[in-house]
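Sequence lines, in order, name chains A, B, C and D.
Counting along the first sequence from 1, when you hit position 23 you're at 23 in the UniProt record's numbering, and nothing is skipped either side.
Counting along the second sequence from 1, when you hit position 28 you're at 28 in the UniProt record's numbering, and nothing is skipped either side.
Counting along the third sequence from 1, when you hit position 83 you're at 83 in the UniProt record's numbering, and nothing is skipped either side.
Counting along the fourth sequence from 1, when you hit position 37 you're at 37 in the UniProt record's numbering, and nothing is skipped either side.
For glycine and all other residues, C-beta sits at the position ideal for the given N, C-alpha and C.
Number of protein chains: 4
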Amino acid sequence: MYDADDATNPVAAPQALTSASKEKLRQFVARIETLETEKTELAEQLKEVYGEAKSLGFDTKALRAVIRLRKQDANDRAEAEMMLDLYLEAVGEI
Amino acid sequence: MYDADDATNPVAAPQALTSASKEKLRQFVARIETLETEKTELAEQLKEVYGEAKSLGFDTKALRAVIRLRKQDANDRAEAEMMLDLYLEAVGEI
Amino acid sequence: MYDADDATNPVAAPQALTSASKEKLRQFVARIETLETEKTELAEQLKEVYGEAKSLGFDTKALRAVIRLRKQDANDRAEAEMMLDLYLEAVGEI
Amino acid sequence: MYDADDATNPVAAPQALTSASKEKLRQFVARIETLETEKTELAEQLKEVYGEAKSLGFDTKALRAVIRLRKQDANDRAEAEMMLDLYLEAVGEI
DNA sequence: CCGAAACGGTCATAAC
DNA sequence: GTTATGACCGTTTCGG
């Protein structure tokens, strides 16, 4: 079902990559790993903030609910915007 | 944005929150939302990088596999390092 | 790291299952597959309904938007309920 | 793509929707929501079955693997069947 | 066909 | 520790 060049096996047939391609690939890997590292750090900082709030006596469950509610409000507004666009498009305004 | 009687404020017994507490709470919400915004932006940048790689003809599935394997290798190496430290400590080398 | 009984290898060591366990397992598999079959059938029926609407000249994009909006409204109401419960609990009403 | 005056497009320009179209639209929404409700219920029942299996000591990860493998086998058999039919037809046996 | 968006599954984390 | 909740990833599907 799979042959040697199967994309799920990135090790296969490395000779098919030119030097330039290999260099480009290395750069992509580096960029991705940098971004992922930063994302992981942000996740850790978020945990710290919640921990700090908890240590000061705030109810993290309620705090998370506030964050969730505000995010959902933003989503609702975006959804309303989409519906408006859809409607305008339907009546030929776009 | 929220006052003490605001029913949308789920934090316990609003009247029990001092002005200082309310201000602190607002700061926590702001910090959390800032961090989450940055995290979302990083996620979008990651999508863009993968998109750029794809547009240059790279197989993103393979690329993701590479990233995954390298992360796992890093974990494995960290784990091996921990085991080594543990053993060294056990034999009094640390 | 993995031994023969490792849970990630469900084929390993079948002799570890008693007859009763094996029978119970077969029943679970049967129940799950029945439910998944029904779920797949519902998905197909949904596709048919959208197709029928489209064939009658309805804009499926708008139709999907309506469905999504109504679902989100329901979610919003559920979320508001949760916030109310959280608030009531906070002020000691529960 | 859509002409605002196109009477055959029930979505465009809501005022252009006849009573019959509106009623039809309501029926589509109702049918879709019913099907989605049933689909959600099946998903919940599946969760319950896995939970019950887990409570009886079965490894749900292994159980899921069994389900996945059996589904794949079914797909493979169906595919083989299709190939066989194709070949039989090609040699005039059907 | 491609790109985007919905879906389901899996995993990590948090509440109980 | 166990269930419940949410994030993430991969897959599929739909519209262009």
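* Asked: Are any of the Cβ atoms in chain B nearer than 9 Å to that of valine 66 of chain A?
  -> yes
* **Alpha carbon of glycine 92 of chain D to alpha carbon of aspartate 85 of chain D, nearest angstrom** => 10 Å
* **Residue interval of the alpha helix (DSSP H) (run including glycine 57 of chain B)** => Neither: glycine 57 of chain B is in no alpha helix (DSSP H) and is coded neither H nor E.
* Asked: What is the DSSP secondary structure of alanine 7 of chain D, counted as helix, strand or coil?
  -> Unreliable placement is indicated for alanine 7 of chain D, whose pLDDT of 45 sits below 50; no coordinate value is reported for it.
* **Assigned secondary structure, glutamate 38 of chain A (DSSP; H/G/I helix, E/B strand, else coil)** => helix
* What is the C-beta distance between leucine 17 of chain A and leucine 42 of chain B, in whole angstroms, given that I count them as a contact (C-beta under 8 Å)? -> So it is not a contact: roughly 28 Å between Cβ atoms.
* With DSSP run on the structure shown, which of helix, strand or coil describes glutamate 93 of chain B? -> The three-state secondary structure of glutamate 93 of chain B, taken from DSSP, is coil.
* Near the ligand ZN: glycine 92 of chain D beta-carbon under 8 Å from a heavy atom -> Among the components modelled here there is no ligand, and therefore nothing to report on the ligand ZN.
* Asked: Are the Cβ atoms of leucine 63 of chain A and phenylalanine 28 of chain B separated by less than 9 Å?
  -> yes
* Sub-9 Å separation of isoleucine 32 of chain B and leucine 69 of chain A beta-carbons -> Against a cut-off of 9 Å, the Cβ pair of leucine 69 of chain A and isoleucine 32 of chain B comes out as no contact.
* To do: Give me the Cα-Cα distance between serine 21 of chain A and threonine 40 of chain B, rounded to the nearest whole angstrom.
  => Between serine 21 of chain A and threonine 40 of chain B, the alpha-carbon positions lie close to 29 Å from each other.
* **Length of the line joining the Cα atoms of glycine 51 of chain C and serine 19 of chain A** => 50 Å
* Take alanine 78 of chain C as the anchor and find which of A/Gln72, A/Met83, A/Leu25 has the nearest alpha-carbon. => A/Gln72
* To do: Report yes or no: is there a C-beta of chain C within less than 9 Å of the C-beta of glutamate 33 of chain A?
  => no
* With DSSP as the reference, label leucine 17 of chain D as helix, strand or coil. => In the three-state reduction of the DSSP assignment, leucine 17 of chain D falls in the coil class, being assigned neither a helical nor a strand state.
* Compute the Euclidean distance between the alpha carbons of valine 49 of chain A and glutamate 44 of chain C, then round it to the nearest angstrom. => 46 Å
* Which one of A/Ala90, A/Leu88, A/Leu25, A/Ile67 has the shortest CA to CA distance from leucine 56 of chain B? -> A/Leu25
* Closer than 8 Å at the beta carbon, the chain C residues around leucine 86 of chain A -> Those within 8 Å of leucine 86 of chain A in chain C are Lys61, Ala62, Ala65.
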